[in-house]
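Visitor: One structure is given below, represented as structure tokens, and several questions about it will come after.
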Amino acid sequence: MRIGSDEHKQRFCRQFIASHRQFDPAILSWPDLDDAALGRLRGIPFWQEVLYTERRAGAIVAAYAATIADPLVREAVRLQGFEEARHAELLRVMIHRYRIAADELPLDEPISSNPRRAFADFGYGECVDSFLGFGVFKIARRSGFLPEPLFEIFDMLMREETRHIVFFINWMAWQQTASGYGAQWLRTANAAWYYSRAIGRLLGTVRRGRSANDRKDFSATQAGVFLDGFTFRGFLKECCAEHARRMAGFDSDLLLPRLLPTIAGVALADWRRVKLKYMRVLE
Ligand SMILES: [Fe+2]
Ligand SMILES: [Fe+2]
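Going letter by letter, the sequence shown gives residues 218 to 500 in this note's numbering.
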């Protein structure tokens, strides 16, 4: 199968559509939480940000879907938009059920005058967030930071995000080939450019989050349960291992996101030098 061909398009769109699961966030098996677990859940400082991000995701993806001429690609992107909106709904249900303090802020309007560019920026952002999220999720789950039934619910979300990034990487290659920019070096350069933008945005979010949460003591919410013994190297290893595990279930003919795991793998292999150079950031 040639990347960028019609067969490629059929594969990545049809696999995405066929792997969609139906569920209603309101009737999932939400567990009853004791006071300690409730305190930990409510103490997580980023629910408002996550809710905003998922609502914005739904709007960006839906706006782009409306501009797509190809019916199959449009159907797949529409479905992704539906799943993003459902992520927001799932968060709303959780916030309401466990009385978490998180407001629904108005979305920035207009989202973008260029829906395709907004979708591309969003897609690479999801690749970065998912890669790091895989590690966070694994460490938090293993530490029993929250009851397992909650992780089972969050895992449905992670599974969908994994499908989104695989779909996205293939869509990107397919449409670049269709517009005559399909050469490998061009695709790599394009990905590197978008990834650097996505990482820049993520660092901005972290900085904003830090100052916004200055007065909230996250460690007092027993985040230490999973931050105990935390090292950046161990965290990157978990990200890579989880990335590999979650990607293993996809059609081997499809492209998979690989820039971040490759960079992380190179850094892990030569950790001493990385540590010396970036010590202050990593420690
Ligand atoms: Fe999402
Ligand atoms: Fe997503």
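Beta carbons are placed, not taken as given, at the ideal position from N, Cα and C, and that holds for glycine.
Using DSSP with H/G/I as helix, E/B as strand and the rest coil, what is L499?
Guide: Annotation note: pLDDT 49 at L499 (below 50); position unreliable, no value reported.
Visitor: Please classify H313 as buried or exposed, where buried requires at least 16 other C-beta atoms within 10 Å of its C-beta.
Guide: By the 16-neighbour rule on beta-carbons within 10 angstroms, H313 is exposed.
Visitor: Excluding the 5 residues preceding and the 5 following R273 in the sequence, name in chain order all residues of the same chain whose CB lies nearer than 6 Å to its CB.
Guide: L324
Visitor: Tell me whether the stretch 224-234 and the stretch 383-390 touch, counting them as touching only if at least three CB pairs, one residue from each stretch, are closer than 8 Å.
Guide: yes
Visitor: Please find out if some non-hydrogen atom of ligand 1 comes closer than 7 Å to the beta-carbon of E271.
Guide: Checking the Cβ of E271 against ligand 1 gives yes.
Visitor: Compute the beta-carbon to beta-carbon distance between H304 and E271, rounded to the nearest angstrom, for a pair I have assumed lies under 8 Å.
Guide: 4 Å
Visitor: Could you check where the alpha helix (DSSP H) with R333 kicks off and where it finishes?
Guide: 332-360
Visitor: Taking its Cβ as the centre, do 16 or more other Cβ atoms sit within 10 Å of V423, making it buried, or is it exposed?
Guide: exposed
Visitor: Mark H237 as exposed unless 16 or more other C-beta atoms lie within 10 angstroms of its C-beta, in which case mark it buried.
Guide: Of the other Cβ atoms in all chains shown, fewer than 16 fall within 10 Å of the Cβ of H237; this residue is therefore exposed.
Visitor: Whole angstroms is fine: what's the gap from H225's alpha carbon to D251's?
Guide: 49 Å
Visitor: Anyone know if the C-beta pair for L374 and I317 falls short of 8 Å?
Guide: No, these two residues do not count as a Cβ contact at 8 Å.
Visitor: So the alpha helix (DSSP H) T394 belongs to, where does it begin and stop?
Guide: 365-395
Visitor: Give the secondary structure of H237 by DSSP, where H, G and I count as helix, E and B as strand, and everything else as coil.
Guide: coil
Visitor: The alpha helix (DSSP H) that contains Y315, what's its start and end?
Guide: It is not in any alpha helix (DSSP H) - Y315 carries neither H nor E in the DSSP assignment.
Visitor: Using the Cα positions of P262 and Y411, report the straight-line distance between them to the nearest angstrom.
Guide: If I take the Cα positions, the gap works out to 28 Å.
Visitor: How about E306: is its Cβ closer than 7 Å to a heavy atom in ligand 2?
Guide: False, no ligand heavy atom lies under 7 Å from that Cβ.
Visitor: What three-state label does DSSP hand M218 in the structure shown?
Guide: Collapsing the DSSP output to three states places M218 in coil.
Visitor: Does the Cβ of D372 have 16 or more other Cβ atoms within 10 Å, making it buried, or fewer, making it exposed?
Guide: Result: exposed.
Visitor: Tell me whether the beta-carbon of V383 lies closer than 8 Å to the beta-carbon of F467.
Guide: yes
Visitor: Let me make sure I understand the geometry here. Which of K355, W402, R475 has the alpha-carbon closest to that of F452?
Guide: K355
Visitor: Alpha carbon to alpha carbon, what distance is there between R425 and A319?
Guide: Using only the alpha carbons, I get a separation of about 16 Å.
Visitor: Rounded to a whole number of angstroms, what is the C-alpha to C-alpha distance between V278 and A408?
Guide: 19 Å
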